[in-house]
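FYI, the numbering for the sequence shown is 0 to 484, going by numbering that gives the first Met the number 0.
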Amino acid sequence: MPSSDRTIELISSEISGGKSTAQTVAARSLDAAERLNGELNAFLQIDRVGALRRAKGLDEGAGAGGALRGVPVALKDNICVRGMQATCGSSILAGYHPPYDATVTERLNAAGAVVVGKTNCDEFAMGSSNENSAYGPVRNPWDTRRVPGGSSGGSAAAVAARIVPAALGSETGGSVRQPAALCGIVGVKPTYGRVSRYGLVAFGSSLDQVSVFGLTVRDAALVLRTIAGRDERDSTTADVEVPDYVAGLGGDLKGARIGVPRALFGEGLDADVRARVEGAVDAYRDLGAEVVDVELPHAKYSIAVYYIIATAEASSNLARYDGVRYGFRAEDPKDLREMYRRTREEGFGAEVKRRIMLGTYVLSSGYYDAYYLKAQQVRTLIQRDFLSAFETCDAVLTPTTPTPAFRLGEKTDDPLSMYLSDIYTCMANLAGIPGVSVPCGLTPSGLPVGFQLMGRHWGEPDILRLAHAYEQAHPLAERPGVMAE
Ligand code: GLN
Numbered sequence: 000m001p002s003s004d005r006t007i008e009l010i011s012s013e014i015s016g017g018k019s020t021a022q023t024v025a026a027r028s029l030d031a032a033e034r035l036n037g038e039l040n041a042f043l044q045i046d047r048v049g050a051l052r053r054a055k056g057l058d059e060g061a062g063a064g065g066a067l068r069g070v071p072v073a074l075k076d077n078i079c080v081r082g083m084q085a086t087c088g089s090s091i092l093a094g095y096h097p098p099y100d101a102t103v104t105e106r107l108n109a110a111g112a113v114v115v116g117k118t119n120c121d122e123f124a125m126g127s128s129n130e131n132s133a134y135g136p137v138r139n140p141w142d143t144r145r146v147p148g149g150s151s152g153g154s155a156a157a158v159a160a161r162i163v164p165a166a167l168g169s170e171t172g173g174s175v176r177q178p179a180a181l182c183g184i185v186g187v188k189p190t191y192g193r194v195s196r197y198g199l200v201a202f203g204s205s206l207d208q209v210s211v212f213g214l215t216v217r218d219a220a221l222v223l224r225t226i227a228g229r230d231e232r233d234s235t236t237a238d239v240e241v242p243d244y245v246a247g248l249g250g251d252l253k254g255a256r257i258g259v260p261r262a263l264f265g266e267g268l269d270a271d272v273r274a275r276v277e278g279a280v281d282a283y284r285d286l287g288a289e290v291v292d293v294e295l296p297h298a299k300y301s302i303a304v305y306y307i308i309a310t311a312e313a314s315s316n317l318a319r320y321d322g323v324r325y326g327f328r329a330e331d332p333k334d335l336r337e338m339y340r341r342t343r344e345e346g347f348g349a350e351v352k353r354r355i356m357l358g359t360y361v362l363s364s365g366y367y368d369a370y371y372l373k374a375q376q377v378r379t380l381i382q383r384d385f386l387s388a389f390e391t392c393d394a395v396l397t398p399t400t401p402t403p404a405f406r407l408g409e410k411t412d413d414p415l416s417m418y419l420s421d422i423y424t425c426m427a428n429l430a431g432i433p434g435v436s437v438p439c440g441l442t443p444s445g446l447p448v449g450f451q452l453m454g455r456h457w458g459e460p461d462i463l464r465l466a467h468a469y470e471q472a473h474p475l476a477e478r479p480g481v482m483a484e
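1) Could you tell me the alpha carbon to alpha carbon distance between E484 and A31, rounded to whole angstroms?
2) Among F385, L199 and P147, whose alpha-carbon lies nearest the alpha-carbon of Q177?
3) Enumerated in chain order, which unbroken segments of the alpha helix (DSSP H) with a length of 4 residues or greater are wholly contained in the stretch 155-199?
4) Going by beta-carbon coordinates alone, are E122 and G69 separated by less than 7 Å?
5) Taking 6 Å as the cut-off, does the CB of S174 come closer than this to any heavy atom belonging to the ligand GLN?
6) Rank P403, P438, L407 and D412 by C-alpha distance to the C-alpha of D421 and give the top, closest one.
7) Which one of L429, R406, L441 and G431 has the shortest CA to CA distance from N139?
8) Can you check whether the CB of E170 is closer than 7 Å to the CB of Q208?
9) Per DSSP, what kind of secondary structure is Q84 in: helix, strand or coil?
10) Name the two residues that bound the continuous beta strand (DSSP E) containing A394.
11) List the residues that DSSP assigns as beta-bridge partners of Q382.
12) Any heavy atom of the ligand NAD within a distance shorter than 6 Å of the CB on G148?
13) Within 10 Å of its beta-carbon, does S174 have 16 or more other beta-carbons around it, so buried, or fewer, so exposed?
14) Out of G172, T6 and G153, point me to the one whose CA is closest to T400's CA.
15) Can you tell me whether A124 sits near the ligand GLN, meaning its C-beta is under 6 Å from at least one heavy atom of the ligand?
16) Confirm the yes/no value for this check: CB of T190, any heavy atom of the ligand GLN, distance under 6 Å.
17) With the cut-off set at 7 Å, would you say I462 and A394 are in Cβ contact?
18) Are there any heavy atoms of the ligand GLN lying less than 6 Å away from the beta-carbon of S234, as far as the coordinates show?
19) Assign S436 to one of three DSSP states: helix, strand, or coil.
20) Pick out the complete alpha helix (DSSP H) segments inside the stretch 6-37, 4 residues or longer, and give them in chain order.
21) CA-CA distance, G500 and V114?
22) Considering K75, what are the terminal residues of the beta strand (DSSP E) in which it resides?
23) When you compare only the Cα positions, how much space is there between F397 and R341?
24) Please look up how many angstroms separate the CB atoms of R378 and V304, rounded, as I've assumed it's under 8 Å.
25) In the stretch 225-304, which residue ranges form an unbroken beta strand (DSSP E) of at least 3 residues, counting only runs that do not cross its ends?
26) Report yes if the CB atom of P98 is closer than 7 Å to the CB atom of V163, and no otherwise.
27) Use the C-beta contact count for S2: other C-beta atoms within 10 angstroms, 16 or more gives buried, fewer gives exposed.
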């Protein structure tokens, strides 16, 4: 990592050492966000006034001891920040301003972070390329003709372009790890129940987790430590102690065991991606870890299972957008029924409608057993595959994505090929386990590649330590073409 990179570690030392102020850092971040947004479309809202006011308060002594004091952050537009919009990338929530902070927002604020803006995303977090946003696609800072990945593409692009050192996204099936890989940064999806979802707009409730982007593993670990832990307002958060993920980094890898499911390195995996990921496996061997073969016999069903369970849950969660409670309402309906129908018809985009229909179908009485119930059964088998793999290894290593960043428009007419982008990521969401994507070099044409480590439930310390060890030995020296400064 070149020393000029604007990591949290660097920004914090500049502020605490008196070399910079929260206001200077915030202004720099806001300037970059505004200047690059024409090219990247990463932000849906940039809060210059609010962020500078907040930074001034910090410089005047508020939040003195916070671990993120003066650190600018960006939040995906499906996470609530009081006073800012939360559109989820959808027209149906245009103009919606939640009157409260998500728990993750509260915790970032309590640690001294400065929220500079809300980031663009696929509508209701449904997508793998950020082309499903009602507000236009995000562009990849490494090559603006290409997608940043999705659905948290705006947050990924904002970090990759060094607008902010860290950002939050959300994961239902890979929406942080996948864009992290395509944008050459670190993305961490925690164990299900690790981070509160109070104030995160629901997509697939048995899968969703707020997740973290950072430039480095250490930064991502620090942000995760800040937001993790039990929350009385979210009954799915577990009362499990939050370890100090940052203090746990370092040390050698003697005795560590990395499991490689070779069967997943076959068909459909891009040759350049494979080569870089094989390089990461070799690197772990060189670092003293033991590399073992593992099998995940049911992993091949994960896309099918994911797109049944996620759409079923989405169809139920999205029933609340009826024109009465939030955001957009169709004009001049002749009666209540038409108001519902036209609000949803005009307010939702094509992918969201496709998923509501698919989800309603798999939950319908005639097909419930054949699809939804069957998917739940296979989900259990996928979970068991991981439990048995973790008897012989501490982390399972795979590519994060089958290909590097693809071109805008390349997959928009083919939803199935788009869904295949999640082939390596959605199994962790189905199993409820944590995963981290780590950059492992560039393709010959200069596009980032990432590998992923998946760990045991509550095994964030293990995968972060392993990821950090790789990163220390193999920092990604190159940086994207579109960048702050
Ligand atoms: N790409 C996946 C989907 O479209 C994952 C989305 C997500 O993780 N939010 O469902």
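Beta carbons: idealized from backbone N, C-alpha and C, even for Gly. None of the values given here were measured: they were computed from a predicted structure.
With the structure as the only source:
1) For the purposes of this step, residue 484 is identified with residue 485 of the sequence shown, where counting begins at 1. For the purposes of this step, residue 31 is identified with residue 32 of the sequence shown, where counting begins at 1. So the alpha carbons of these two residues sit roughly 8 Å apart.
2) Numbered from 1 along the sequence shown, position 178 holds the residue referred to as residue 177. Answer by Cα proximity: P147.
3) Listed in chain order, they are 176-182.
4) Here residue 122 refers to the residue found at position 123 when the sequence shown is read from its first residue. Here residue 69 refers to the residue found at position 70 when the sequence shown is read from its first residue. Against a cut-off of 7 Å, the Cβ pair of G69 and E122 comes out as no contact.
5) In the sequence shown, counting from the first residue as 1, residue 174 sits at position 175. True, at least one ligand heavy atom lies under 6 Å from that Cβ.
6) If you number the sequence shown from 1, residue 421 lands on position 422. Of P403, P438, L407 and D412, the residue nearest in Cα terms is P403.
7) For this step, residue 139 is matched to residue 140 along the sequence shown. Taking N139 as reference, the option from L429, R406, L441 and G431 with the minimal CA-CA separation is R406.
8) Translated into positions along the sequence shown, residue 208 becomes position 209. Translated into positions along the sequence shown, residue 170 becomes position 171. In contact: Q208 and E170 (Cβ atoms closer than 7 Å).
9) As a position in the sequence shown, residue 84 is number 85, starting the count at 1. It is coil, neither helix nor strand.
10) Reading the sequence shown from its first residue, position 395 is the one you call residue 394. For A394, the enclosing beta strand (DSSP E) covers residues A394 to P398.
11) In the sequence shown, the residue the question calls residue 382 occupies position 383. Beta-bridge pairing links Q382 to no other residue.
12) By its list of ligands, the structure shown excludes the ligand NAD, since it contains just the ligand GLN.
13) Numbered from 1 along the sequence shown, position 175 holds the residue referred to as residue 174. S174 is buried by the Cβ-count criterion.
14) To locate residue 400, count along the sequence shown from 1; it is residue 401. Comparing Cα positions, the closest option is G172.
15) For the purposes of this step, residue 124 is identified with residue 125 of the sequence shown, where counting begins at 1. Yes, Cβ of A124 sits closer than 6 Å to a heavy atom of the ligand GLN.
16) In the sequence shown, the residue the question calls residue 190 occupies position 191. Relative to the ligand GLN, even the nearest heavy atom lies 6 Å or more away from the CB of T190.
17) For the purposes of this step, residue 462 is identified with residue 463 of the sequence shown, where counting begins at 1. For the purposes of this step, residue 394 is identified with residue 395 of the sequence shown, where counting begins at 1. In contact: I462 and A394 (Cβ atoms closer than 7 Å).
18) Numbered from 1 along the sequence shown, position 235 holds the residue referred to as residue 234. Between the ligand GLN and S234, a heavy atom-to-CB distance of less than 6 Å is absent.
19) As a first step, residue 436 must be located in the sequence shown, where it is residue number 437. Residue state for S436 is assigned as strand, using DSSP reduced to three classes.
20) Note on the stretch 6-37: whole alpha helix (DSSP H) runs with a minimum of 4 residues are 7-15, in chain order.
21) Because the chain here runs from 0 to 484, residue 500 falls outside it and cannot be looked at.
22) Within the sequence shown, numbered from 1, the residue matching residue 75 stands at position 76. If you look at K75, you'll find it in the beta strand (DSSP E) that goes P71 to K75.
23) Here residue 397 refers to the residue found at position 398 of the sequence shown. Here residue 341 refers to the residue found at position 342 of the sequence shown. For clarity, residue 397 is Thr in the given sequence; the question names Phe instead. Going by the C-alpha atoms only, they are around 44 Å apart.
24) Mapped onto the sequence shown, residue 378 falls at position 379. Mapped onto the sequence shown, residue 304 falls at position 305. Between the beta-carbon of R378 and that of V304 there is about 5 Å, and that keeps the pair under the 8 Å contact cut.
25) You should have 256-259 and 289-292.
26) Mapped onto the sequence shown, residue 98 falls at position 99. Mapped onto the sequence shown, residue 163 falls at position 164. Not in contact: P98 and V163 (Cβ atoms no closer than 7 Å).
27) The residue labelled residue 2 in the question sits at position 3 within the sequence shown. Note that S2 scores 46 on pLDDT, short of 50, meaning its location in the model is unreliable and no value can be drawn from it.
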